[in-house]
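Structure, as structure tokens:
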Amino acid sequence: MKREICILIVGFLMLSLIILPRPSKAQAVNVLFEMEDPEDDDHGIDDFMYPEDPKFAPGVFDLTYFAVKDDGTNIIFELTFKNLGGNPDGAPHGFSIQLIEIYVNDGTGTATSVIPVSDTETEDSAKVVIQNGWKWAVRANGWPRNHGGRYNTHGRWQTGEVFDVSVTANQATGKVQISVPKSIVGSPSESAPWYCTVLVGSDNLGAWRKVAMVEKSLIFIRWLPDPDVARATWQSRVMAAKVEPRPMDILVPEGMTQKSVLLGFNENTGTYARVPAVGPIPGRPYFTIAVTPSSRIIQVGKSAQVSVNVKRFLGYSQTVSLEATGLPSGVSVNFSPTSGTPPFTSTLTISVAKETTSGIYEITVRASDGTISHTAPLKIWVAERVVEITDPVGDDYGPGTYRYPESAYFQGKTGLFDITKFMFFEDAQNYYFAVEFAADRLGGNVWSGEAGFSYQLVEVWVDCKPGGETIPFSREGPRIKIEEAHAWDFGIQITGFYKPHKARRNWVVFAGQYDVITGVLTVSCDLASRTVLASLPKSIVRQYLGDLPTDYKWHAVIISGSQDGFSEYWSWRLALPENEATPAEREWKILGANSAAYAVGVSPNVLDIIVPPGRDQRTVLSGFNTNAFGVEGYTVVPAVPLVAEVEAPVEKPTEIPVLPIIGVIVIVIIVAAVALMKRK
């Protein structure tokens with residue numbers, strides 16, 4: 042009996058080996074091509090803005106990575122977005138905001154018109170020309186029918202073939218994958234490479250979302266009418282000629298910029314911008330270099346560090362060496378390490394000798410393997426003295442009760458208005474004001490600020506001589522007063538925008554003057570170091586204030602708020618009582634203001650300030666007087682001294698003459714010994 046049972050068990054085991062599926066061997070995926078695309082460039086020709094519908098969250102059109110892969114059966118196009126934005130319209134492919142078009146030239150493509158060429162389902166196209174031509178193309182969005190598919194140069198393939206494109210999305214990673222069978226499109230090779238033109242825009246029921254020259258719209262890509270009459274007239278001509286490009290992000294070859302490509306249309310001849318292809322596919326192994334941050338402020342006699350990041354693509358495996366060129370006299374650098382096999386990061390230390398002339402210098406960081414070289418710029422500001430003041434992290438809550446608006450542009454972000462460091466320095470020509478914030482990349486340039494950032498507004502009110510004023514010129518913007526002991530002599534406003542909208546921006550104003558001055562303050566930013574920088578010519582200050590006393594101790598009030606281009610109050614976003622805000626106001630206003638203070642117009646709109654040691658921001662910004670109206674009830678903000686830390690001299694330890702003391706001790710011992718012997 043036992044023998045029969047054993048035979049049965051063995052039989053079952055053998056049968057299971059035959060019946061059970063064997064693990065399939067994973068099919069290798071070969072990366073044929075890959076490239077990165079700059080962050081925060083999802084603004085079309087540079088100043089297109091998203092529709093105001095909340096579903097258009099920041100970064101949903103920001104393509105950051107593109108790859109072409111071969112899994113043996115399919116050609117896979119992989120696109121990574123900064124933010125896929127969820128799937129608000131419930132599309133079956135798992136995303137619903139983006140529209141993607143990829144045009145492929147296998148070497149035989151001659152068509153240059155974008156799809157649809159003869160497709161009658163929609164008349165709306167990307168309004169660009171495919172510069173390098175194409176043989177076939179794919180359009181992908183969230184829906185499998187009527188919207189996406191594969192195209193040839195005569196329009197859409199016949200039904201049954203058009204739906205051979207497989208589209209998937211992963212919201213967690215921000216990736217969209219588009220797969221096309223190799224049995225239909227073939228595959229690229231070194232002898233017959235492919236080139237791809239990649240366009241990303243906003244999906245509108247399978248068509249490209251239109252651009253409209255409007256300030257506000259829930260459905261159109263917005264191109265704000267320029268306050269400059271000449272440029273606004275040009276915008277109108279572009280729209281009348283119907284040559285405005287609709288892509289919000291594109292890929293361009295190295296050495297080209299998206300802005301220059303998409304501005305290549307001609308409104309006079311009615312011709313579209315020509316978008317070039319990237320390639321070849323398959324690509325050759327390569328590396329890239331980036332310096333983070335790309336600028337540094339360094340006081341003479343001191344040093345600063347940046348990171349040099351070297352990345353590899355397509356399996357690059359050579360040794361890359363680093364060097365810096367264009368060094369001014371008195372500036373030296375050191376790389377650690379000086380070379381490596383990518384990916385690797387080197388720490389670059391920049392040392393500035395005390396005799397170095399102050400000013401702005403451009404250094405070039407070069408990476409080379411002996412055959413291939415890439416460079417990245419590094420800007421340094423050398424200053425004789427740098428005033429550096431730090432501020433606590435996490436205090437951009439005004440008087441302690443404020444919170445961000447509920448719009449998707451603000452939710453999920455932290456530190457947008459949170460000053461962490463303020464720096465003041467000068468050279469022979471300019472005064473410089475640098476403000477570092479806590480938010481990563483300053484929150485992104487979501488509204489296409491000309492200076493590279495969008496959210497922040499900073500005002501600095503400087504006391505540099507006796508006298509001055511206590512009410513900021515922007516009065517109802519910040520709604521504060523400045524302590525009388527350090528009344529301001531000049532003030533500056535720093536935003537990411539040069540163009541005026543409801544009010545002028547990026548200005549300087551002097552005590553006793555009746556208006557602000559624009560066009561003299563230069564504003565820039567470094568997203569990597571989360572820093573905005575403004576420079577003010579000394580000649581302007583002398584023109585309005587004369588020669589400043591050399592023995593006067595400068596002070597300043599530094600405040601930050603939220604920039605609002607539609608605000609009537611010098612671009613300051615207003616703070617409202619939470620229980621009084623309408624649903625529309627909750628989307629776009631700071632919430633949490635004191636009801637009694639708001640009622641009499643004394644609630645501050647300031648989100649962060651730098652206060653002297655021993656003072657508390659919440660107490661300072663809660664110091665308004667609800668028994669007074671307007672200016673009389675504003676809270677008083679103290680100033681901080683603009684004095685660079687002076688290095689304490691190193692005190693040399695008192696040198697005790699050791700040898701003479703030892704000699705004295707020896708003599709004393711000898712004398713004592715002789716005296717003792719005499720007694721004996």
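Taking the numbering used here, the leading residue of the sequence shown gets 42, the next gets one more, and so forth. Just so it is clear, CB atoms sit at the ideal spot from N, CA and C, and this is done for glycine as well. Keep in mind the model is a prediction, meaning the values are calculated, not measured.
Around the Cβ of residue 146, are there at least 16 other Cβ atoms within 10 angstroms (buried) or fewer (exposed)? With 16 or more other Cβ atoms within 10 Å, it is buried.
Excluding the five sequence neighbours on either side, which residues of its own chain have a C-beta within less than 8 angstroms of the C-beta of residue 92, listed in chain order? Same-chain partners within the cutoff: 243, 250, 258, 259, 260, 261, 262, 263.
Considering only their Cβ atoms, is the gap separating residue 492 from residue 450 smaller than 8 angstroms? Here residue 450 is not near residue 492, since their CB atoms are 8 angstroms or more apart.
Please list, in chain order, all residues of the same chain as residue 675 whose beta carbon is under 7 angstroms from its beta carbon, the five residues on each side excluded. Around residue 675: 520, 521, 522, 643, 665.
At the level of alpha carbons, what is the spacing between residue 156 and residue 74? So the two alpha carbons sit approximately 24 angstroms from each other.
Given a cut-off of 8 angstroms, decide if residue 344 and residue 363 are closer than it, judged by their beta-carbon atoms. Not in contact: residue 363 and residue 344 (Cβ atoms no closer than 8 angstroms).
So the candidates are 636, 397, 596, 502; which of them puts its Cα closest to the Cα of residue 442? Of the listed residues, the one whose Cα sits closest to residue 442 is 636.
Reference residue 303; option with closest CA among 393, 165, 396, 241: Check the Cα spacing between residue 303 and each of 393, 165, 396, 241: the tightest is with 241.
CA-CA distance, residue 460 and residue 210? Using only the alpha carbons, I get a separation of about 37 angstroms.
Going by alpha carbons, who is nearest to residue 352 out of 408, 116, 662? For residue 352, the closest alpha carbon among the candidates 408, 116, 662 is that of 408.
Using a 10 Å radius around the Cβ and a threshold of 16 neighbouring Cβ atoms, would you call residue 422 buried or exposed? Flag for residue 422 reads buried.
If you follow the beta strand (DSSP E) that residue 336 is part of, which residue opens it and which one closes it? Element bounds for residue 336: 336-340.
Three-state secondary structure (DSSP) of residue 565: Residue state, collapsed to three classes: strand.
Counting along the chain, where does the alpha helix (DSSP H) carrying residue 639 start and finish? Residue 639 -> alpha helix (DSSP H) spans 636-640.
Proximity of residue 171 and residue 105 at Cβ, strictly below 8 angstroms: Not in contact: residue 171 and residue 105 (Cβ atoms no closer than 8 angstroms).
In terms of residues, what are the limits of the beta strand (DSSP E) holding residue 403? 400-409 is the extent of the beta strand (DSSP E) around residue 403.
By DSSP, does residue 684 sit in helix, in strand, or in coil? It is coil, neither helix nor strand.
Would you check if the distance between the CB atom of residue 368 and the CB atom of residue 401 is smaller than 8 angstroms? In this structure, residue 401 does not lie closer than 8 angstroms to residue 368 by Cβ.
Only counting the same chain, and skipping five residues up and downstream in sequence, which positions put a Cβ closer than 6 angstroms to that of residue 454? Contacts found: 484.
How long is the line joining the alpha carbons of residue 17 and residue 134, rounded to whole angstroms? Nothing about residue 17 can be read from this structure; the chain reaches only from 42 to 721.
Are the CB atoms of residue 599 and residue 300 within a distance shorter than 8 angstroms? No, Cβ-Cβ distance for residue 300 and residue 599 is not below 8 angstroms.
Under 8 angstroms Cβ to Cβ from residue 489, same chain only, skipping five residues before and after it: list those, please. Same-chain partners within the cutoff: 84, 87, 88, 89, 90, 495.
Using three-state DSSP, classify residue 503 as helix, strand or coil. Strand at residue 503.
For a cutoff of 8 angstroms on Cβ pairs, would you count residue 415 as touching chain D? Although the question refers to chain D, the structure presented lacks it and comprises just one protein chain.
How should residue 310 be labelled, buried or exposed, when 16 other C-beta atoms within 10 angstroms of its C-beta is the threshold for buried? Using a 10 angstroms sphere on the CB of residue 310, the tally of other CB atoms stays under 16, which defines it as exposed.
Rounding to the nearest angstrom, what Cα-Cα distance links residue 588 and residue 559 in this structure? For residue 588 and residue 559, the distance between alpha carbons rounds to 22 angstroms.
Are residue 498 and residue 603 close, meaning C-beta to C-beta below 8 angstroms? In contact: residue 498 and residue 603 (Cβ atoms closer than 8 angstroms).
Buried or exposed for residue 546, going by 16 or more other Cβ atoms inside 10 Å? It counts as buried.
Separation of residue 183 from residue 121, as counted between CA atoms: The straight-line gap from Cα to Cα measures roughly 15 angstroms.
Could you check whether the Cβ of residue 211 sits closer than 7 angstroms to any heavy atom belonging to the ligand ADP? The model on display carries no ligand, and the ligand ADP is accordingly not part of it.
Three-state class that DSSP yields for residue 370 in the structure shown: If DSSP states are grouped into helix, strand and coil, residue 370 belongs with coil.
C-alpha gap between residue 476 and residue 432, whole angstroms: In this structure, the alpha-carbon of residue 476 lies about 11 angstroms from that of residue 432.
Would you list the residues sitting across from residue 155 in a DSSP beta bridge? In DSSP, residue 155 forms no bridge with anything.
If you reduce the DSSP assignment to three classes, tell me which class residue 527 lands in. Residue state for residue 527 is assigned as helix, using DSSP reduced to three classes.
Apply the 10 Å Cβ neighbour rule to residue 114 and answer buried if 16 or more other Cβ atoms are within range, or exposed otherwise. Note on residue 114: under 16 other CB atoms within 10 angstroms of its CB, so exposed under the neighbour-count rule.
In the structure shown, what three-state DSSP assignment does residue 295 receive? Coil.
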